[in-house]
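K.L.:
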Amino acid sequence: MTADDGGTDTATGGETDGDDDGVPEDVNPHSVPPPLVGRLTETQYEYSVLDVLGVELTDEEREQLPRDIPIEGAYSTAVASQFFNTQYVLAYAFVARSVTERLDADGLTEIHGGCVGMADPSCRESFIRGLGLRLARRPLQDDEVADYDELAETIAAEPGTTEEDVVTGIVQAMLQSPQFLYRLEVETDGTPDEIRLVTGYELASRLSYFLWQSAPDLELLEFAAQAGGEGAVDATGIEAQVERMIADPRFARSREVFWADYSLVSIASLVAAEPEVADQLVSSLMATFEHISADDQSLAALFDGRELMMTPAVAELAGVANPQPGLSLYDSSTLQARGGVLTHPGFLAALGTTSFVGRGVFMTERVLCQHLTPPPDDVAEQIMDTAQQTESMTPREASEFRMNIEPQCTSCHTLFEPIAYGFERFDLLGRYTTVDAEGRSLYSNGTLPAFDDRPELSFASAADMLGQLAGQDQIRRCLVENMMEYASGARASAAVGSIEQAADDFVAAEETFDGLAMSVAENRQLTFKRSAPAE
Amino acid sequence: MTRTFTRRHLLRGAGSIAIGLPFLEEFMPSARAEADDGTPCRLFTMSFGLGIARAMQLEQFEGPLQPLAPFADKAAMFTRVDGGPLSASGTPHFSTSAATFTGVPQQGDGGNYQAGGPSMEQVMKRALHPSGVPNVAVPEISAGIWSRTGAVSQFTRHWNEDGSPGQRPERRPSRIFDLLFGMFEPPDPGSGGEPDPDQLVRNHVHRSVLDSVLDQYQHLTSDASPLGAASKAKIDNHLSAIRDVETQLAPNDEEPDIPLVCDPPEAGDINDPDGYSFYDAANGATGPGAPQIAWQVAREAMTLIGEILALGISCDAVRFGSLLSVGGGGHIRFSGVYDALGGSLDFEQVLGDGTPHDRIFHDYRPEHIRRYQHFSIGLVAETLRAMDAIVELNGRTVLDNSLVLFGTEYGENHDPADTFHAVLGGGDRFNAGWYDQPLIPSDVYHQALAAYGVDSGIPERWPDYQPTEITGFRNV
């Protein structure tokens, strides 16, 4: 697109696609969801407190902190299904009070206010503005500063209180304020449903909670101020900030959360394993993800890699005859039927099922990003009937039976069951076996139907199938789609245009984890929001 | 603290009610937080998963409903309650649960089901205590046994005003005990009853902090808010919750402490049953291959939960809540042999490596369904039994003095038609017995709350609702 066939719009800050909506052509307006404020996740709360106040939460405080359970398969950053109840309010109050008991009041005042002494009105204001900037992720307005100052005076006037009480009172109020607990964005500017640029500070907050799981630091806030502040963002130069953030040790938090959510480890119960083995399944899988991510390996290693990190107990599940002590790196090509990370016992165990349907739906959605339509209204009756009819069949026979029920089941089951065929020989804990509990033979071959520009794939095993998938554009786009969903807290399946751009950037960055995060962080999709619909 | 409402107050903004429900006009009492004898008004929803066929309901106490027999003289039982009009299309497991106890059609799809409005205990709480619940330990509580598989509607029965999920049911008896009684400490015998001066200062600081925070939430829910309606609703939930627990967050000089009308039990006496510990995990244990739990252990846990809840209610530590028995799709792998209704359910033999949901319901084995649901309903009945065992100052039991809405998800095997519902307790406001009248859940909820002078809000939230008067239900 050129300026000639499009136009420039102040609300969107760039070239548009020539439509009346003023949205750039590389941004899909349908993928910008209606606004819904998100509350900080447990992880985001914890790291914000650590980074801004320098206080590490205790185990008791972590236990108290509200913990959301996302809808199965969604990322923990998803905002649509966040719970809320009165216990949360009590928990936030408890944690705020508990955290402030460990504060160095003078030190905090000096860091954020550049002075010491709450009796001094100018120092007080300086502290309120400094700390408020970090916790609210934007400069406090004068009336907000006045409110906190009034709070400070009220506490100071209370007989028996000290200057430290004033500091802790202000901190407690800020930690319970909506400006801290919620990631607020202005939703009512523009016309209803209009696609608009976020503000400079809103973009800083989006980037920071995406890449660091925490509040923006001062450098990012300074960039935000120069990039538009409270007005529409001019993201010129954002690349330098993104590169800085990805190079920062805090980026490791995002790697951990993303992979834990991607693999379902964050919600897996792993109850089929003994508790100590369950812990090792998780730690081994997460170590493998970290190994390929932090080592700048291509994420194709998820599919065709040869390196798996495993503890002795997990290595035994993977078929290693003489495991090495401790967490060790194994060459998966020496292990029967193993390949990339998706054949790691921890990954398979986290799915919590061996059924073709369960594994197939998850892998089709998560790994292939082929999105399924909801089942028909009478699915329960269909399942009931089918279960009776397939009772004496092998799993493979039953699957083929389901895929041939015209017309209700065929279209979806032929889409999502074949990928699970490759994993048929892996049991609930990811052990390789050729027969089931009843002694019936299990198989690993199958055919994955063609999808978009990917041809049909015939495979002999999971490793074979994953190896063939590794070079497909579909896989790269899907990783980008997952990262976009993680970054935005909203389903990204409709973000076609921006996914293509980000996928190109991902490939250009040699398909590393850093490149994946960078391609999404720098994508223009992240700089847009939708105004609230008309009430 | 007693607040009295006028009828004009109750019906404000709900003009369609007066037109649509003329029969309620003459019956509508004034809503009050306490009865004349000072007994608090309370509402608890109780439910069991998956449901039973109408034929089994009509067996009355000769079938799966047998555990409710001890409460026959204080229960109105409904055997033709059609949940279909409240169910959206899509996965049936998630589709009716989000409407149970809200009485309005659910929202969302694709496994993301949310309720179309608040659950009834929230409605009553707000109606009776519009500026926050009374000075009780816990404004509401959710408890029960469940396993998580998918959408929140499978295990959530507490829905906020905007239909978002409220509390996950707490599974651990020890945690429920802590929630209800954990904040109470025996008075210091050396203090002579005088308040600790340092604590008074802290209370004043907390009050100032709270006032400051409240202003910010109020601004975000006002007309001047920069937020759209959906986000405002979310912030409003937070604001409402702060008001609910205002006195706990910041005791004031008039209400310096949470009163209890009984001596709280000693902390540390409550331990979770052996074998129940794996439910400590945030996600529970579910699905094929999950470890088994003896049905006796589940019964023991639910009995303990029931006794703690009943005690908490009688102590006025809580007035509103929900209890769930075997929610989450019925994927808990029980073990042992359960004898009931003239036969046995050998869980291990029947389930194999599967779950009740798969091997009993999807495989459709009615005899096992009867005994499984006898067991599941029996878990809820443990709480009813505990509530009925405690006599309050007015000479009636906790159950008599409470309103219990009892329901489930389905009728016959995943079919939302003919779901079983019941109303228990209610302090003589209802006539006990069996009602085989065609109804929908909204009729039961709306008319049960109307007996307390509380507008359910269902007609306002669901303009297509066509109410049916339940013949003989109200005791007037």
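In order, the protein sequence lines correspond to chains A and R. Position in the first sequence (from 1) plus 10 gives the number in the numbering used here. Position in the second sequence (from 1) plus 1349 gives the number in the numbering used here. Each residue gets a CB set at the ideal place from its N, CA and C atoms; glycine is no exception. Keep in mind that this is a model prediction, so the values were computed, not measured.
Is the distance from the Cβ of isoleucine 1591 of chain R to the Cβ of threonine 1570 of chain R below 8 Å?
P.N.:
For the purposes of this step, residue 1591 of chain R is identified with residue 242 of the second sequence, where counting begins at 1. For the purposes of this step, residue 1570 of chain R is identified with residue 221 of the second sequence, where counting begins at 1. Their beta carbons are not under 8 Å apart, which means isoleucine 1591 of chain R does not touch threonine 1570 of chain R by this criterion.
K.L.:
Quick one: which unbroken alpha helix (DSSP H) runs of 4-plus residues sit fully inside the region 438–502 of chain A? Chain order, please.
P.N.:
You should have 472–479 and 483–498.
K.L.:
Mind checking which residues open and close the alpha helix (DSSP H) that includes methionine 1651 of chain R?
P.N.:
In the second sequence, the residue the question calls residue 1651 of chain R occupies position 302. 1644–1663 is the span of the alpha helix (DSSP H), which, as asked, contains methionine 1651 of chain R.
K.L.:
Would you grab the beta carbon distance between proline 405 of chain A and phenylalanine 372 of chain A for me? Rounded to a whole angstrom, and I think it's under 8 Å.
P.N.:
Your numbering for residue 405 of chain A matches position 395 in the first sequence. Your numbering for residue 372 of chain A matches position 362 in the first sequence. Not really, about 17 Å apart at Cβ, beyond 8 Å.
K.L.:
Using a Cβ-Cβ cut-off of 6 Å (strictly less than) and excluding sequence neighbours within five positions of aspartate 341 of chain A, which residues of its own chain qualify?
P.N.:
Reading the first sequence from its first residue, position 331 is the one you call residue 341 of chain A. So the list reads Arg316, once near-sequence residues are dropped.
K.L.:
To the nearest angstrom, report how far apart valine 1803 of chain R and isoleucine 1726 of chain R are at their CA atoms.
P.N.:
Locating residue 1803 of chain R in the second sequence gives position 454, where the first residue counts as 1. Locating residue 1726 of chain R in the second sequence gives position 377, where the first residue counts as 1. C-alpha separation (whole angstroms): 28 Å.
K.L.:
Tell me the residue span of the beta strand (DSSP E) that contains aspartate 1695 of chain R.
P.N.:
For the purposes of this step, residue 1695 of chain R is taken as the residue at position 346 of the second sequence. Element bounds for aspartate 1695 of chain R: 1692–1695.
K.L.:
Using CA coordinates, which residue listed in R:Ser1513, R:Ile1718, R:Leu1417 and R:Thr1746 is at the minimum distance from alanine 92 of chain A?
P.N.:
Start at 1 with the first residue of the first sequence, and residue 92 of chain A comes out as number 82. A small fix is needed here, since residue 92 of chain A is glutamine in this sequence, not alanine. Looking at the Cα atoms, R:Ser1513 is the closest of the given residues.
K.L.:
Can you tell which of A:Thr396, A:Leu378 and A:Glu66 has the C-alpha that lies nearest to the C-alpha of aspartate 483 of chain A?
P.N.:
Taking the first sequence and counting its residues from 1, one reaches residue 483 of chain A at position 473. Nearest C-alpha to aspartate 483 of chain A: A:Leu378.
K.L.:
With distances taken from CA atoms, which of R:Arg1524, R:Asp1612 and R:His1706 is nearest tyrosine 1759 of chain R?
P.N.:
Here residue 1759 of chain R is taken as the residue at index 410 of the second sequence, counted from 1. Taking only the C-alpha atoms, the option nearest tyrosine 1759 of chain R is R:His1706.
K.L.:
If you follow the alpha helix (DSSP H) that glycine 123 of chain A is in, where does it begin and where does it stop?
P.N.:
Walking along the first sequence from the start, residue 123 of chain A turns up at place 113. Run containing glycine 123 of chain A: 115–123, per the alpha helix (DSSP H) assignment.
K.L.:
To the nearest angstrom, report how far apart lysine 1581 of chain R and leucine 1798 of chain R are at their CA atoms.
P.N.:
Here the question's residue 1581 of chain R lines up with position 232 in the second sequence. Here the question's residue 1798 of chain R lines up with position 449 in the second sequence. Between lysine 1581 of chain R and leucine 1798 of chain R, the C-alpha separation is close to 27 Å.
K.L.:
Could you tell me which whole alpha helix (DSSP H) segments of length 4 or greater appear in the region 333–370 of chain A?
P.N.:
As far as the region 333–370 of chain A is concerned, its whole alpha helix (DSSP H) runs of at least 4 residues are 355–361.
K.L.:
CB-CB under 6 Å to aspartate 1785 of chain R, same chain, minus the five flanking residues each way: which ones, in chain order?
P.N.:
Looking up residue 1785 of chain R in the second sequence gives position 436. Cβ neighbours of aspartate 1785 of chain R beyond the five flanking positions: Thr1428 and Arg1429.
K.L.:
So, using beta-carbon positions, are leucine 5 of chain A and leucine 118 of chain A closer together than 8 Å?
P.N.:
What the structure shows of chain A is the stretch from 11 to 545, and residue 5 of chain A is not part of that stretch, so it cannot be assessed.
K.L.:
Anything in the region 1730–1742 of chain R with a Cβ closer than 7 Å to a Cβ of chain A? List those residues in chain order, please.
P.N.:
Answer set for the region 1730–1742 of chain R: empty.
K.L.:
Output needed in chain order: residues of the region 418–445 of chain A with a Cβ under 7 Å from some Cβ in chain R.
P.N.:
Per Cβ criterion, the list reads Leu438.
K.L.:
With burial defined as no fewer than 16 other Cβ atoms inside 10 Å of the residue's Cβ, what is the status of glutamine 290 of chain A: buried or exposed?
P.N.:
Working through the first sequence from its first residue, we reach residue 290 of chain A at position 280. Classification for glutamine 290 of chain A: buried.
K.L.:
Where do the N-terminal and C-terminal ends of the alpha helix (DSSP H) with isoleucine 165 of chain A fall, by residue?
P.N.:
Here residue 165 of chain A corresponds to residue number 155 of the first sequence, with the count starting at 1. Its alpha helix (DSSP H) spans residues 152–167.
K.L.:
Cα separation between serine 108 of chain A and glutamate 71 of chain A?
P.N.:
Taking the first sequence and counting its residues from 1, one reaches residue 108 of chain A at position 98. Taking the first sequence and counting its residues from 1, one reaches residue 71 of chain A at position 61. Approximately 8 Å between the Cα atoms of the pair.
K.L.:
Taking Cβ-Cβ distances shorter than 8 Å, what residues in chain R pair up with glutamate 168 of chain A?
P.N.:
As a position in the first sequence, residue 168 of chain A is number 158, starting the count at 1. Those are Val1550, His1553, Val1554 and Ser1557, listed as they occur along chain R.
K.L.:
Flag glutamine 97 of chain A as yes if its beta-carbon sits less than 8 Å from any beta-carbon of chain R, otherwise no.
P.N.:
For this step, residue 97 of chain A is matched to residue 87 along the first sequence. Output row for glutamine 97 of chain A: interface = yes.
K.L.:
Here's the rule I'm using: 16 or more other beta-carbon atoms within 10 Å means buried, otherwise exposed. How should proline 1808 of chain R be labelled?
P.N.:
One-based indexing of the second sequence puts residue 1808 of chain R at position 459. By the neighbour-count rule (16 or more Cβ atoms within 10 Å), proline 1808 of chain R is buried.
K.L.:
Helix, strand or coil for phenylalanine 1779 of chain R per DSSP?
P.N.:
As a working mapping, residue 1779 of chain R is identified with position 430 in the second sequence. Of the three classes helix, strand and coil, the one that applies to phenylalanine 1779 of chain R here is strand, per DSSP.
K.L.:
Excluding the 5 residues preceding and the 5 following leucine 312 of chain A in the sequence, name in chain order all residues of the same chain whose CB lies nearer than 7 Å to its CB.
P.N.:
As a first step, residue 312 of chain A is located in the first sequence; it is residue number 302 there, counting from the start. Excluding sequence neighbours, leucine 312 of chain A sits near Gly350, Val351 and Leu352.
K.L.:
Strictly by DSSP, which residues pair up with phenylalanine 1683 of chain R?
P.N.:
Counting from one through the second sequence, the residue named residue 1683 of chain R turns up at place 334. Its beta-bridge partners are R:Ile1642.
K.L.:
According to DSSP, which residues form a beta bridge with methionine 320 of chain A?
P.N.:
For the purposes of this step, residue 320 of chain A is taken as the residue at position 310 of the first sequence. A:Ser338.
K.L.:
Can you list, in chain order, the residues of its chain whose CB lies under 6 Å from that of asparagine 533 of chain A, leaving out five sequence neighbours each side?
P.N.:
By 1-based counting over the first sequence, the position of residue 533 of chain A is 523. Contacts found: Ser508 and Ala512.
K.L.:
Residues in the region 1557–1578 of chain R with C-beta within 7 Å of chain A's C-beta atoms, listed in sequence order?
P.N.:
Here the close residues are Ser1557, Val1558, Ser1561, Val1562, Asp1564, Gln1565, Tyr1566, Leu1569, Pro1575, Leu1576, Gly1577 and Ala1578.
K.L.:
Let me confirm a value: alanine 336 of chain A is counted as buried when at least 16 other C-beta atoms fall within 10 Å, else exposed. Which label applies?
P.N.:
Looking up residue 336 of chain A in the first sequence gives position 326. Position check: residue 336 of chain A holds glycine in this sequence, whereas alanine was assumed. The residue is exposed, with fewer than 16 neighbouring Cβ atoms inside 10 Å.
K.L.:
Could you give the DSSP three-state label for phenylalanine 220 of chain A: helix, strand or coil?
P.N.:
Taking the first sequence and counting its residues from 1, the one referred to as residue 220 of chain A is at position 210. In this structure, phenylalanine 220 of chain A counts as helix in the three-state DSSP scheme.
K.L.:
Do you know how far the Cα of methionine 528 of chain A is from the Cα of alanine 542 of chain A?
P.N.:
In the first sequence, residue 542 of chain A corresponds to position 532, counting from 1. In the first sequence, residue 528 of chain A corresponds to position 518, counting from 1. In a straight line, the C-alpha of alanine 542 of chain A is about 29 Å away from that of methionine 528 of chain A.
K.L.:
Tell me the DSSP secondary structure of arginine 1745 of chain R in three-state form.
P.N.:
Your numbering for residue 1745 of chain R matches position 396 in the second sequence. Three-state result, arginine 1745 of chain R: coil.
K.L.:
Are the Cβ atoms of glutamate 326 of chain A and methionine 296 of chain A separated by less than 8 Å?
P.N.:
Numbered from 1 along the first sequence, position 316 holds the residue referred to as residue 326 of chain A. Numbered from 1 along the first sequence, position 286 holds the residue referred to as residue 296 of chain A. Against a cut-off of 8 Å, the Cβ pair of methionine 296 of chain A and glutamate 326 of chain A comes out as no contact.
K.L.:
On a CA-only basis, which of A:Thr53, A:Gly83, A:Asp524 and A:Phe538 is nearest aspartate 305 of chain A? Give me that one, please.
P.N.:
Here residue 305 of chain A refers to the residue found at position 295 when the first sequence is read from its first residue. Comparing Cα positions, the closest option is A:Asp524.
K.L.:
Does the CB of isoleucine 393 of chain A have a neighbour CB from chain R at under 8 Å?
P.N.:
As a first step, residue 393 of chain A is located in the first sequence; it is residue number 383 there, counting from the start. Judged by the 8 Å Cβ criterion, isoleucine 393 of chain A is in contact with chain R.
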